[in-house]
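For reference, the structure discussed in these notes is given below.
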Amino acid sequence: MSEYTPLKHYFDEKMANGLADRLKTAYPGLDQKGFVQQVLNGLEALELKARVAHIAVAYRDFLPESYPKALDLLLATLEAPLTDDRDLTNSGFQFWPVAHFIEEYGHDHYEASIRGLYEVTQRFTAEWAIRPYLLRYQAQMEPLLHQWAMDESLHVRRLVSEGTRTRLPWGIRLHPFIKDPAPVIALLEKLKDDPELYVRRSVANNLNDLTKDHPEMVLDLLERWKEGASDERMWMVRHALRSLIKAGHPRALAILGFGGAELTVTLFSVTPKVLRLGETLQLDIELESNSKAEQPLMIDYIIHLVKANGSTFAKVFKLTQKTLPAYGHLELQKRQAIRPISTRRYYPGTHKVSLQINGQIVAETAFELEEG
Numbered sequence: 183m184s185e186y187t188p189l190k191h192y193f194d195e196k197m198a199n200g201l202a203d204r205l206k207t208a209y210p211g212l213d214q215k216g217f218v219q220q221v222l223n224g225l226e227a228l229e230l231k232a233r234v235a236h237i238a239v240a241y242r243d244f245l246p247e248s249y250p251k252a253l254d255l256l257l258a259t260l261e262a263p264l265t266d267d268r269d270l271t272n273s274g275f276q277f278w279p280v281a282h283f284i285e286e287y288g289h290d291h292y293e294a295s296i297r298g299l300y301e302v303t304q305r306f307t308a309e310w311a312i313r314p315y316l317l318r319y320q321a322q323m324e325p326l327l328h329q330w331a332m333d334e335s336l337h338v339r340r341l342v343s344e345g346t347r348t349r350l351p352w353g354i355r356l357h358p359f360i361k362d363p364a365p366v367i368a369l370l371e372k373l374k375d376d377p378e379l380y381v382r383r384s385v386a387n388n389l390n391d392l393t394k395d396h397p398e399m400v401l402d403l404l405e406r407w408k409e410g411a412s413d414e415r416m417w418m419v420r421h422a423l424r425s426l427i428k429a430g431h432p433r434a435l436a437i438l439g440f441g442g443a444e445l446t447v448t449l450f451s452v453t454p455k456v457l458r459l460g461e462t463l464q465l466d467i468e469l470e471s472n473s474k475a476e477q478p479l480m481i482d483y484i485i486h487l488v489k490a491n492g493s494t495f496a497k498v499f500k501l502t503q504k505t506l507p508a509y510g511h512l513e514l515q516k517r518q519a520i521r522p523i524s525t526r527r528y529y530p531g532t533h534k535v536s537l538q539i540n541g542q543i544v545a546e547t548a549f550e551l552e553e554g
């Protein structure tokens with residue numbers, strides 16, 4: 183297995199020279215040596231997005247002062263559009279600074295910037311860069327986005343959905359659409375059955391964002407979309423509901439066919455009862471059906487993690503989906519390593535563990551965590 187290389191290292195001296203070579207072809211007047219020196223100055227200390235912004239500043243400093251002229255030169259450096267959703271690191275990441283240039287410096291040049299976004303998103307993505315324009319030019323952007331939702335390029339169609347996500351990671355919040363998501367919903371209606379999974383996954387991610395602020399509105403929508411849905415649309419519905427499902431939301435579970443479970447928990451235990459950081463917890467579960475019909479079960483477990491101040495927060499872990507036969511018996515086992523990871527720390531204390539089935543807490547137990 184090859185060793186993982188952080189994406190920030192993709193923006194290195196080799197890329198700086200490659201960008202300069204490409205730009206020099208489009209703009210013979212470029213101070214190529216000065217451009218590379220500015221890009222490399224301080225680059226090593228920067229993280230990923232800061233490196234992208236750093237290169238965009240160099241574009242601003244070494245290209246003509248006129249934004250439309252500078253943008254035309256940058257667009258002339260683009261390669262042919264991508265025709266599929268292959269890993270963008272194959273070629274596309276080098277164009278992220280162009281998208282950031284548009285994001286930062288083009289606000290007063292709507293026509294030129296929109297043309298640039300349309301071109302860049304077909305080589306990398308403009309999901310972050312489009313957001314200031316959605317906020318400043320919402321009235322002009324809405325009919326354009328409806329047009330783009332029918333574009334022949336899957337990357338342009340995906341931009342319609344990904345760019346309007348209200349809570350896009352690394353992106354500025356779209357508070358007008360958080361307040362009133364109707365314009366976003368109208369766009370997603372056009373994309374829900376897109377032939378490309380790449381686009382449908384973005385639709386699901388957009389809806390998952392909206393469940394944080396408008397869960398009932400999204401549930402109303404997905405209940406309607408479920409009627410007569412294809413397998414492809416149902417995948418999208420399930421993916422859109424993932425946060426509500428994880429939270430055990432009864433209505434979300436019902437959309438996916440998980441109702442109130444008629445069963446008895448005959449065993450729910452964790453071992454060892456006392457363990458040290460770095461050791462492994464084992465969960466043993468046994469269920470008995472009380473129903474004359476088979477039952478689909480969404481089975482999760484929740485560890486109520488102790489925080490540094492002694493309070494707790496609930497972390498839901500997906501366990502499995504099973505069908506419990508009529509008056510049947512089900513045995514499950516799960517091993518959970520209790521060790522620090524980059525996104526989670528463990529602290530000593532009593533950790534409650536809950537068993538959640540179809541959104542309902544049906545059993546609880548606990549273990550004691552000691553210092554490693």
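Note that the numbering used here has the sequence shown beginning at 183, numbered continuously upward. Using N, Cα and C, we set each Cβ at its ideal position, and we do this for glycine too. It should be emphasised that the depicted structure is a prediction, and the values quoted were computed from it without experimental measurement.
Check your understanding: Which word fits residue 495, buried or exposed, when buried means at least 16 other C-beta atoms lie within 10 angstroms of its C-beta?
Key -> exposed
Check your understanding: What separation, rounded to the nearest whole angstrom, lies between the Cα atoms of residue 525 and residue 533?
Key -> 18 Å
**Study point:** residue 497, enclosing beta strand (DSSP E) - first and last residue
**Key:** 494-506
Point to revise | CA-to-CA distance, residue 374 to residue 516, given in whole angstroms | key: 36 Å
Check your understanding: Should residue 357 be labelled buried (16 or more other beta-carbon atoms within 10 Å of its own) or exposed?
Key -> exposed
Check your understanding: Can you list, in chain order, the residues of its chain whose CB lies under 7 Å from that of residue 277, leaving out five sequence neighbours each side?
Key -> 260, 302, 305, 306
Point to revise | Whole-Å CB distance - residue 403 paired with residue 367, under 8 Å assumed | key: 6 Å
Review point. When DSSP labels each residue in this structure, what does residue 545 get in the three-state scheme?
Key: strand
Review point. Going by beta carbon distance, what residues of the same chain come within less than 7 Å of residue 426, once the five residues before and after it are set aside?
Key: 393, 397, 434
Check your understanding: Between residue 203 and residue 213, what straight-line distance do the alpha-carbon atoms span, to the nearest angstrom?
Key -> 11 Å
Check your understanding: Grouping DSSP H, G and I as helix and E and B as strand, with all else coil, what is residue 534?
Key -> strand
Review point. Is it true that the CB of residue 296 sits closer than 8 Å to the CB of residue 326?
Key: yes
Practice item. Under 8 Å by Cβ, that's how I've got residue 545 and residue 450 pegged, so tell me the actual separation to the nearest angstrom. Key: 4 Å
**Study point:** CA nearest to the CA of residue 291, picked from 266, 251, 330, 329
**Key:** 251
Review point. Helix, strand or coil for residue 299 per DSSP?
Key: helix
Check your understanding: Which residue or residues does DSSP assign as beta-bridge partners of residue 519?
Key -> 462
Exercise for review: Tell me, please, which residues DSSP counts as bridged to residue 524.
Suggested key: Paired residue(s): none; residue 524 is not in a bridge.
Review point. Per DSSP, which one or two residues make a beta bridge with residue 555?
Key: Missing from the structure shown is residue 555; the chain here goes from 183 to 554 and no further.
Practice item. For residue 184, count neighbouring Cβ atoms within 10 angstroms of its own Cβ and tell me buried if that reaches 16, exposed if not. Key: Any answer about residue 184 is weak, because its pLDDT of 49 lies below 50 and its placement is not dependable; what the coordinates show is given next. The residue in question, residue 184, is exposed, as its Cβ has fewer than 16 Cβ neighbours within 10 Å.
Review point. Residue 221: buried (16+ other C-beta within 10 angstroms of its C-beta) or exposed?
Key: buried
Review point. Taking the continuous alpha helix (DSSP H) assigned at residue 556, which residues delimit it?
Key: The displayed coordinates of the chain run from 183 to 554. Any statement about residue 556 would go beyond what the structure contains.
Review point. Touch check for the stretch 374-392 and the stretch 328-340: three-plus C-beta pairs under 8 Å?
Key: yes
Check your understanding: How many whole angstroms separate the CB atoms of residue 408 and residue 498, which I take to be in contact at a CB cut-off of 8 Å?
Key -> 23 Å between Cβ atoms; not a contact.
Point to revise | residue 396 in three-state terms, based on DSSP | key: coil
Check your understanding: Who are the near neighbours of residue 208 in its chain, counting only those whose CB is closer than 7 Å to its CB and skipping five residues on each side?
Key -> 255, 258, 259
Review point. With distances taken from CA atoms, which of 229, 199, 347, 333 is nearest residue 216?
Key: 199
Practice item. Would you mind reading off the limits of the beta strand (DSSP E) that contains residue 480? Key: 477-488
Review point. In angstroms, rounded to a whole number, what distance separates the CA positions of residue 191 and residue 226?
Key: 9 Å
Check your understanding: Any heavy atom of the ligand HEM closer than 7 Å to the Cβ of residue 478?
Key -> Within the structure as shown, the ligand HEM is missing, as the structure has no ligands at all.
Review point. Taking the alpha-carbon positions, what's the residue 348 to residue 446 distance?
Key: 41 Å
Check your understanding: Whole-angstrom Cβ separation of residue 406 and residue 459, contact assumed at under 8 Å?
Key -> That pair is no contact at about 48 Å.
Point to revise | Terminal residues of the beta strand (DSSP E) in which residue 253 lies | key: Unbroken run through residue 253 is the alpha helix (DSSP H), 249-257; no beta strand (DSSP E).
Exercise for review: Give the secondary structure of residue 412 by DSSP, where H, G and I count as helix, E and B as strand, and everything else as coil.
Suggested key: coil
Review point. Which term fits residue 548, buried or exposed, when burial requires 16 or more other beta carbons within 10 angstroms of its beta carbon?
Key: exposed
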